[in-house]
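Okay, so the sequence shown: first residue is 2 according to our numbering, each after it adds one.
Heads up, the beta-carbon is just placed ideally off N, CA and C, and yes, glycines get one too.
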Amino acid sequence: MLLTDRDTERYILEHIDAEPAVLAELNRTTHVRCLYSNMCSGHLQGRILKMLVRMIRPRRVLELGTFTGYSALCLAEGLENGGEVHTVEINDELTDMIEGYFEKAGYGDRIHLHVGDASEIVPLISGEPWDIVFIDANKRSYCEYYRMVLPLVRKGGFIIADNTLWYGKMTDGSAHDAQTLGIMEFNKMVGADASVEKVILPLRDGLTIIWKRD
């Protein structure tokens, strides 16, 4: 889903930082090899993720939902020396492709790929608080992910959730599929949570930025 028309999107892309060559290649490879290639973050959202990391200056970043690794690379790109990204992906079919692009981009030492169920993996890698958590995995489980990671994020840290406007279905009363309902419940949960500040950006398919109060 695009919340801007094609001409406006083209104008935006012409006036922001260029998409790095390795990411452009990964984007093309994703569209050739993967059935749901629209899940790839892409140029604009990738530059925004990098910018958010630059602004927040995290040391530890957790991503739930790697897909082909595009967003993990953007998160890693914004890190200062010593920072690291841990990314969790349940599908093991793209592991070689993902790790290959992490190495090709020069971030193999900053990004740690964990393959398996997030509910099992996250507790094992959360010895220290997370500065940023990026949620972009199974939409049915967004509430579960939120409940799991919120206590693990440092005070003053951020949770970023993708696809929170979900193809415009949030205002479509006829949409009752499990993924739509999962996003609806997540938006309600976050909206009612007084322990955080939050805003939904109308970027691509909706991007929610959540700040955990000090």
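CA-CA distance, residue i and residue j?
{"i": "R214", "j": "L208", "result": "19 Å"}
{"i": "D178", "j": "S42", "result": "23 Å"}
{"i": "Q180", "j": "Y147", "result": "15 Å"}
{"i": "D173", "j": "A119", "result": "30 Å"}
{"i": "I161", "j": "D206", "result": "13 Å"}
{"i": "E94", "j": "S72", "result": "18 Å"}
{"i": "G84", "j": "S175", "result": "44 Å"}
{"i": "E186", "j": "N164", "result": "13 Å"}
{"i": "V116", "j": "A195", "result": "33 Å"}
{"i": "G183", "j": "I126", "result": "26 Å"}
{"i": "R141", "j": "W167", "result": "12 Å"}
{"i": "D8", "j": "M190", "result": "35 Å"}
{"i": "R29", "j": "E198", "result": "36 Å"}
{"i": "C35", "j": "D97", "result": "14 Å"}
{"i": "N139", "j": "E145", "result": "10 Å"}
{"i": "Y143", "j": "E15", "result": "33 Å"}
{"i": "K105", "j": "I122", "result": "26 Å"}
{"i": "A25", "j": "L153", "result": "33 Å"}
{"i": "G157", "j": "E20", "result": "30 Å"}
{"i": "E10", "j": "G192", "result": "29 Å"}
{"i": "I99", "j": "L65", "result": "14 Å"}
Give me the Cβ distance between residue i and residue j, rounded to the nearest whole Å; I'm assuming they're in contact under 8 Å.
{"i": "L63", "j": "V150", "result": "7 Å"}
{"i": "Y102", "j": "V33", "result": "No, Y102 and V33 are not in contact; Cβ-Cβ is about 14 Å, not under 8 Å."}
{"i": "L204", "j": "I210", "result": "So it is not a contact: roughly 10 Å between Cβ atoms."}
{"i": "R55", "j": "G79", "result": "5 Å"}
{"i": "Y108", "j": "L74", "result": "6 Å"}
I'd like to check one pair, residue j with residue i: are the Cβ atoms closer than 7 Å?
{"i": "T31", "j": "T88", "result": "no"}
{"i": "P59", "j": "D132", "result": "yes"}
{"i": "R48", "j": "I17", "result": "yes"}
{"i": "R155", "j": "P124", "result": "no"}
{"i": "L76", "j": "L50", "result": "yes"}
{"i": "T295", "j": "E90", "result": "With the chain covering 2 to 215 only, the question about residue 295 has no answer from this structure."}
{"i": "W212", "j": "F135", "result": "no"}
At which residues does the alpha helix (DSSP H) containing residue i begin and terminate?
{"i": "G101", "result": "T96 to K105"}
{"i": "V134", "result": "Looking at the DSSP string, V134 is not in any alpha helix (DSSP H); the run it does join, the beta strand (DSSP E), is W131 to I136."}
{"i": "T165", "result": "First-last for T165: undefined, no H or E at that position."}
{"i": "I57", "result": "G43 to I57"}
{"i": "L80", "result": "That residue, L80, is in no alpha helix (DSSP H); it is neither H nor E in DSSP."}
{"i": "E26", "result": "A22 to R34"}
{"i": "G188", "result": "According to the sequence provided, residue 188 is Asn. The question's Gly does not apply to it. Taken as a continuous stretch (DSSP letters only), the alpha helix (DSSP H) holding N188 covers A179 to A193."}
{"i": "Y12", "result": "R7 to E15"}
Can you name the start and end residues of the beta strand (DSSP E) that residue i belongs to?
{"i": "R61", "result": "R61 to L65"}
{"i": "K140", "result": "Here K140 belongs to no beta strand (DSSP E), and DSSP marks it neither H nor E."}
{"i": "V123", "result": "Premise fails: V123 is in no beta strand (DSSP E) and is neither H nor E."}
{"i": "H113", "result": "I112 to V116"}
{"i": "I211", "result": "L208 to K213"}
{"i": "I201", "result": "V197 to L202"}
Q: Count the C-beta pairs between the region 30–45 and the region 109–118 that are closer than 8 Å, then say yes if the count reaches three, no if not.
A: no
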